[in-house]
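In what follows, a single structure is set out as structure tokens and then discussed.
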Amino acid sequence: MTMVRLVFYLMGFIALASAVFVAATKNVVRSVFMFFVTLMALAGLYVLALADFIAITQIVIYVGGILVLILFAFMLSGKENLAVLEQQNSRFISISKLPALLLAVLFFVVILNILFKTDINNLLWIKKSITLKNAVTPGDEMTNNIGINLMSRYLLPFEAISILLMMALVGAAHLSRKEKSS
Amino acid sequence: MNFYLKYFAIAIGLFAFSGLFTLFGVYAERKVSAFIQDRLGPTETGKYGTLQTIADVLKLITKELIIPAAADKLLFMLAPAIIFIAVFMGFAAIPWAPGIAPSNLNLGLYYIFAILSIETLGILMAGWGSNNKYSILGAMRSAAQIISYEIPAGFAIISVVMIAQTLNLQTISAQQGILSSENTKFLGIWDVTANGGILAWNIFRAPHLIIAFVIYFIASLAESNRAPFDIPEAESELVSGFHTEYTGMRFAFVFLAEYSMMFLVSTVGVILFLGAWNTPLPNIGPVHLADWTTGAAWGVLWTIIKVLLLVGVQMWIRWTLPRLRVDQLMNLCWKILTPLAFICMLISGIWRLWMM
């Protein structure tokens, strides 16, 4: 049990520390590469929560897809644009950052509120699922379960998302199409 | 504690294997290219030049590690490690024989697919870190190519998964031979559960998987940046692409990654389409060839033979075909391979429902 806890805190620390680095550093490309570390630590946390399918999906989509696309955008945009990003106001507290600060503080208050109000060790729904044996164990194969649920219970959201993606694809194809020369 | 020691031993063993395979692969590549171009290849070091790659390794180890003055030092130094580790981690889920797999994951195939996509990130890192126009052009070409070709490769893989109904590589392997727990039909007609051998391989269980295999093979060439898809390191245009600035051991890691990648993609191809560790010899009447040639040691042997054959085909193609242009590359991927892979996936669904 202690081993699991140790790994959890290690992964959590890596995720948080690298996320802070991503937000704080001036070197934009390094911050993108640091985001990779954050994503891997998150994948580790998912594995620890027995959600291995989600962990791997996270790596495929975010590391293999989105991160590479972000890097692509950087490399195509040239050094001048990057220089503008790097010459931002360095003061931590300033008037222009007030909305963000307010949002962060309020969100923190909400989290603290939940933390103090709930009794985390005796949650009703967790106890119920333990007595009903409705919990995931390390040996379970979850992929079939995910597939069946996607095709039955969550079919409508699944289809809605696929239509959204289709629209994005059509839009991208339209934007990148060559204009007919007049 | 023994638990962890075993894992370390397996990891070191796999590392040693990828090193040995690279040694062998580089020598084989030089000899194959020499044969195809009617040359002799290495002849001086050792009998038939067999010590040539060992001499190369000694040279690489003793070379100075140069970091270009304008490079982003951290990214530049980390990139080869990430490129290699991404490929090396893929080896963790490869089954070698019945019951022999470093890690018998129930998501093995998906895991390999995910881990290999990290290599792109390492290549972009190398290209950006070198701060050199050739490197960055090579890295961008490589990333564009790998992302594009992941799509047909992915759909070819999905069409196998739809037939096999599992992502566990060990189960997919077992289905293609006499150890199968379900009925195997040759071309969907003739029950060959007891015969096994070549008749039970995935490409013969469902014939459209032959097309899927060709699609996967072409896409895997592109993903490992091998000719005819080697525009990322096109020597005549980009010096040598994203690894232009690398010397010594760092270059060796990039090289190690390339050859390990060749081995890994071929292994995945063999497992998915060509019967994995199953013997090609079927049981014919009283001659139980398949029963005699199935087992742990035989499994390792068959895997290695099949994979080396595929790697040989990769080398053959590299030294035979000219390099594709970027637009031809993208046309091939998006207009030919992707629609074909979609059709394969569709047929797989129908085949699974009606023929199996």
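Chains A and B supply the protein sequences, listed in that same order.
According to the working numbering, the stretch in the first sequence is residues 16 to 197, in order.
According to the working numbering, the stretch in the second sequence is residues 26 to 381, in order.
Every residue gets a Cβ at the ideal spot worked out from N, C-alpha and C, and that includes glycine.
Since we're looking at a predicted model, the values are computed, not measured.
Item: LEU39(B) to VAL325(B) span [Cα, whole Å]; Value: 14 Å
Item: Cross-strand partners of ILE125(B) (DSSP beta bridge); Value: ALA122(B)
Item: SER176(A) (DSSP reduced to helix, strand or coil); Value: The sequence shown places Ile at residue 176(A), rather than the Ser named in the question. ILE176(A): helix per DSSP, three-state reduction.
Item: Within the region 114-176 of chain A, ranges of the beta strand (DSSP E) (whole runs, at least 3 residues); Value: none
Item: Residue nearest to ILE79(B) in terms of C-alpha spacing, selected from LEU45(B), PRO105(B) and ILE61(B); Value: LEU45(B)
Item: Pairwise C-alpha distance: ALA34(A) and LYS41(A); Value: 14 Å
Item: Those runs of the alpha helix (DSSP H) which lie wholly inside the region 72-115 of chain B and span at least 4 residues; Value: 77-87 and 98-115
Item: Counterpart residues of ILE148(B) in DSSP-defined beta bridges; Value: Beta-bridge pairing links ILE148(B) to no other residue.
Item: Reduced DSSP secondary structure (H/G/I, E/B, other) of PHE211(B); Value: strand
Item: For ALA169(B), the first and last residue of its enclosing alpha helix (DSSP H); Value: 158-189
Item: Cβ of ALA244(B) within 8 Å of any chain A Cβ; Value: no
Item: Chain B contacts made by the region 44-68 of chain A, where a contact means CB separation under 8 Å; Value: VAL44, ARG45, PHE48, PHE51, ASP67 and PHE68
Item: Contact with chain B by GLU174(A), beta-carbon distance below 8 Å; Value: no
Item: Three or more C-beta pairs below 8 Å linking the region 159-172 of chain B and the region 109-119 of chain A; Value: no
Item: Same chain, Cβ closer than 7 Å to SER249(B), five either side skipped, listed in chain order; Value: GLU283, MET286, MET287 and VAL290
Item: Partners in chain B for ILE82(A), counting only beta-carbon separations shorter than 7 Å; Value: The question names Ile, yet the displayed sequence has Leu at residue 82(A). Within 7 Å Cβ-Cβ: LEU146.
Item: Those residues which DSSP pairs with ILE309(B) across a bridge; Value: VAL312(B)
Item: LYS14(A) burial status per 10 Å Cβ neighbour count (16 or more: buried); Value: As displayed, chain A neither begins before 16 nor continues past 197, which places residue 14(A) out of reach and without an answer.
Item: Residue-chain proximity (PHE138(B), chain A), Cβ-Cβ < 8 Å; Value: yes
Item: The region 74-88 of chain B in contact with the region 347-366 of chain B per 3-pair CB rule at 8 Å; Value: no
Item: Segment contact flag, the region 156-163 of chain B with the region 251-265 of chain B, C-beta cutoff 8 Å, min 3 pairs; Value: yes
Item: Residue-chain proximity (VAL19(A), chain B), Cβ-Cβ < 8 Å; Value: no
Item: Collapsed DSSP secondary structure at ASP216(B) in the structure displayed; Value: strand
Item: Sequence-distant residues of its chain with Cβ nearer than 7 Å to TYR135(B) (five each side left out); Value: LEU192
Item: Length of the line joining the Cα atoms of ARG377(B) and ALA189(B); Value: 9 Å
Item: Cross-chain neighbours of MET142(B) in chain A, by beta carbon under 9 Å; Value: It is Ser, not Met, that sits at residue 142(B) in the sequence shown. ILE74, VAL75, VAL78, GLY79, GLY80 and VAL83, listed in chain order.
Item: Rounded Cβ spacing between LEU60(A) and ALA30(A) (contact assumed at less than 8 Å); Value: 7 Å
Item: Where the alpha helix (DSSP H) through THR269(B) begins and ends; Value: THR269(B) -> no alpha helix (DSSP H), and no H or E assigned at all.
Item: Top-ranked residue by Cα proximity to VAL185(B), from LEU149(B), ARG230(B) and MET150(B); Value: ARG230(B)
Item: Exposure of ALA58(A), with buried meaning 16 or more beta-carbon neighbours within 10 Å; Value: buried
Item: Interfacial residues, the region 92-118 of chain B to chain A, with Cβ spacing under 7 Å; Value: LEU100
Item: Distance CB(PHE238(B))-CB(PHE180(B)) smaller than 8 Å; Value: no
Item: Whole-angstrom distance between LEU371(B) and ASN131(B), CA atom to CA atom; Value: 24 Å
Item: Supposed contact pair PHE211(B) and LEU224(B) - C-beta distance, whole angstroms, cut 8 Å; Value: 5 Å
Item: Check whether ALA118(B) and SER128(B) have beta carbons under 8 Å apart; Value: yes
Item: Contact list for ILE71(A) against chain B, beta-carbon separation under 9 Å; Value: LEU132, TYR135, TYR136, PHE138, ALA139 and ILE140
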